[in-house]
Structure formats: structure tokens, C-alpha cells
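Chains A and B, in that order, give the protein sequences. As numbered in my numbering, residues 2 to 243 make up the first sequence, in order. As numbered in my numbering, residues 11 to 69 make up the second sequence, in order. Worksheet: one structure, shown below.
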Amino acid sequence: MYGSRLRALSIATVITLSGGFALAAFYAPEDADQGFMQKILYLHVPMAIVALCGFVFGAVCAIQHLRTGSSRWDLRSYVAIHLSLILGAGVLITGSIWARASWGHWWVWDEPTLVSFLIVFLLYATYQPLRFSIEDRDKQARYASVFAITAGAFVPLNFLAVRLAQAYTHPRIFATASGGLEPRMRVAFYVCLLGMALLYVTLWKYEMTSKNTSAQLKALRRRLAGDEDGSRRSAAPTLESA
Amino acid sequence: MLIAASDVTLPDNSGYVVAAYLVFLALLLIYVAIMATKLSRFERELVELNKLAEEREVA
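Okay, structure coming up:
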């Protein structure tokens, strides 16, 4: 059962996220350098952090899948990566808009943070085609888990590599040497980050509930209409019949 | 009140900020629409399965 506490979680998400955006709009002061445009930070950066954490969560679930062999962990990993990809697309689009507004270009190829995020995104974009290319369900799940673990390990490594790179120009929001965020901006940012994390958890639970319901319906259909297997070939994992 | 509201002007580059937040909203709405489609499919399947169960009971 993934649907329990979904209502409370949804309400908490709506309150926190809209509260965070309201704080960003009315409470946090405008940035001295970028002005009003810097308000994109409260959307773009939390989305990027949550997307990357989601990829790592997908890797953790994949490890559990390989350890236990349970298809539930494979499904959890699949849904985590699927949602992170959606957020990742949002990060790339909002990042492009921000780049256009502040640098005058939609994309800057010599900016390590942008390019490294694109690499991570493209790497994970191959996850679903990989699953779809393997017909055997067990193999599909195992190969996908190995992929999720390898790619998941690449995410923090990639982050560290960019941090250690000498010639970066991407703004560091928590840089201590240069002062970092102003306290009111920091409050708004943390609320937005919490809201985005809650949104991720809520959508993950929605998706898991949906997949679980689908599996239950299939099992019920098999029991009622005989043992005909009407499942289509899919990249999404299926749960064992309940 | 109306005069005060009309005096409030957004900075020139506010269009980019609005666009970024609209992208996020659009992504959420697309997701909700997909979930709604799935929900209606589940409903159809449940109706079908209910009919099947009724037919079995009659037989």
C-alpha cells in the first residue's frame, strides 16, 4: 500500500511549495547583481538538487533490488529515476531561460555545471530505452539496476568534479568565501527546497500507488477471466501478482 | 486601490522569471493530465471486472 498518508502529504506539499514561492516573491530581497531575475533560483536550484538526489535514491533502490531480488525495489528505482528525469527536463529548461536572461545565450557550452547536468540527464535518458530493449523481465530488471547503480555513483562524482574544477563561472549559492545567500533569501530557498522535496515524494507515492493498482487490477483480471496474459511489452517493471 | 495597483510595475526582465515558473506549472499539469488518464483507465477496467464478476455469479 503506497496510498496511505497521500492526502496529508499532498496538502503539506501544496502549502510548503506555495509558501516557499510566496516567500521568494515577497519576503526575499532582490539580488543586488541580478535583480528580479534571480527569483528563478528558488525554482531552478531546488529542482536540480531534488532531481540529482532522486537519481541517487534510484541507485539505492537498485542496490536493494539486486540484494533482495524483489521486483518492488526495481519498481521503486524505476519510478525514482522517471520522476528525476521529469524534474531534470524542468531544470534544463528553466536553466536555459535563466542563462538567456542573465548571459544573453540560451546555452553556454563552456560552463561546467550546465554541461555536467546535461550529461547526467542524457545518461539517464537512456535508462528507459535500455529497459525497453530487453524482453526478458528478469534480465530487464537486473540490467536496469546495474545501470541505475553505476549512473547513481556517477552523480556525486560528477558534482565533485565540477566543484573541484578551477575555471567555473556558475553562481555558488552557498559559497562561504564570497558571503553566500542573504539570510532572508536563505530562508525562502530552504522552504522552496523542502517544498520541492515534498513534491518529489508525493509524486513518487502517486506513481507507486498507480503502478500498484495496475498490478492489482491485472491480478484480478487473471483470476476472473482465466489465465490470459494481456500485458504489453513495456519499459516499466511489473509487480508480482498479489 | 485600483490606482495603487496599476502603479505597481514589474522589472523589464520579469518575463523570463514568469516563463520559468510557467514551465514548472506546465510540467506539473502535464503530469496531472497523464495521471488523470491512468485513473480513468483504471475506472474502465474496474467496471469491466465488476461485469465479469456479476456474470460469474449469475452462471
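Heads up, the beta-carbon is just placed ideally off N, CA and C, and yes, glycines get one too.
Residue i, DSSP secondary structure in three states
i	result
Gly70 (chain A)	coil
Gly227 (chain A)	coil
Ala15 (chain B)	Caution applies to Ala15 (chain B), whose pLDDT of 47 falls short of 50 and renders its modelled position unreliable; the value that the coordinates give is listed next. Here Ala15 (chain B) sits in helix by DSSP.
Gly36 (chain A)	strand
Gly196 (chain A)	helix
Asp75 (chain A)	helix
His106 (chain A)	coil
Leu123 (chain A)	helix
Thr239 (chain A)	coil
Pro250 (chain A)	Nothing can be reported for residue 250 (chain A): it is not among the residues displayed for chain A, which extend from 2 to 243.
Glu183 (chain A)	coil
Ala29 (chain A)	coil
Start and end residues, alpha helix (DSSP H) containing residue i
i	result
Glu64 (chain B)	24–68
Arg138 (chain A)	138–165
Arg132 (chain A)	128–133
Leu18 (chain A)	7–23
Between the CA atoms of residue j and residue i - distance to the nearest angstrom
i	j	result
Leu131 (chain A)	Leu119 (chain A)	19 Å
Ser19 (chain A)	Thr203 (chain A)	15 Å
Asp75 (chain A)	Ala126 (chain A)	17 Å
Ala145 (chain A)	Gly153 (chain A)	12 Å
Leu200 (chain A)	Ala90 (chain A)	16 Å
Phe27 (chain A)	Leu218 (chain A)	47 Å
Ile13 (chain B)	Trp108 (chain A)	Reliability fails at Ile13 (chain B), whose pLDDT of 46 lies under 50, so the model's placement of it is uncertain and the value that follows must be treated cautiously. Spanning the two alpha carbons is a distance of roughly 41 Å.
Ala166 (chain A)	Asn159 (chain A)	11 Å
Ser242 (chain A)	Ser71 (chain A)	Only weak support exists for where Ser242 (chain A) lies, its pLDDT of 47 falling under 50; the value from the coordinates is given anyway. Cα-Cα distance, rounded: 12 Å.
Phe37 (chain A)	Val27 (chain B)	8 Å
Ala220 (chain A)	Val121 (chain A)	37 Å
Val42 (chain B)	Leu32 (chain B)	15 Å
Val147 (chain A)	Ala46 (chain B)	32 Å
Asp111 (chain A)	Asp34 (chain A)	22 Å
Cys193 (chain A)	Leu53 (chain A)	16 Å
Ala162 (chain A)	Val61 (chain A)	21 Å
Ser16 (chain B)	Ile12 (chain A)	Confidence at Ser16 (chain B) is low in this model, with a pLDDT of 48, below 50, so its placement is unreliable and the value that follows should be read with caution. Roughly 34 Å between the two C-alpha positions.
Ala216 (chain A)	Thr14 (chain A)	27 Å
Met11 (chain B)	Ala81 (chain A)	Its pLDDT being 43, under 50, Met11 (chain B) is placed unreliably by the model, and nothing is read from it.
Trp99 (chain A)	Gly105 (chain A)	9 Å
Asn60 (chain B)	Glu208 (chain A)	24 Å
Arg73 (chain A)	Phe34 (chain B)	29 Å
Glu58 (chain B)	Arg223 (chain A)	13 Å
Leu56 (chain B)	Leu10 (chain A)	26 Å
Phe52 (chain B)	Thr210 (chain A)	12 Å
Phe190 (chain A)	Pro47 (chain A)	8 Å
Ser85 (chain A)	Gly227 (chain A)	38 Å
Ala36 (chain B)	Ile87 (chain A)	12 Å
Ala237 (chain A)	Asp32 (chain A)	44 Å
>> Tell me whether the region 86–97 of chain A and the region 133–150 of chain A touch, counting them as touching only if at least three CB pairs, one residue from each stretch, are closer than 8 Å.
In response: no
> Any chance the region 33–43 of chain A sits against the region 113–130 of chain A, with 3 or more Cβ pairs inside 8 Å?
Replying inline: no
>> Three or more C-beta pairs under 8 Å: does that hold for the region 13–28 of chain A against the region 56–72 of chain A?
In response: no
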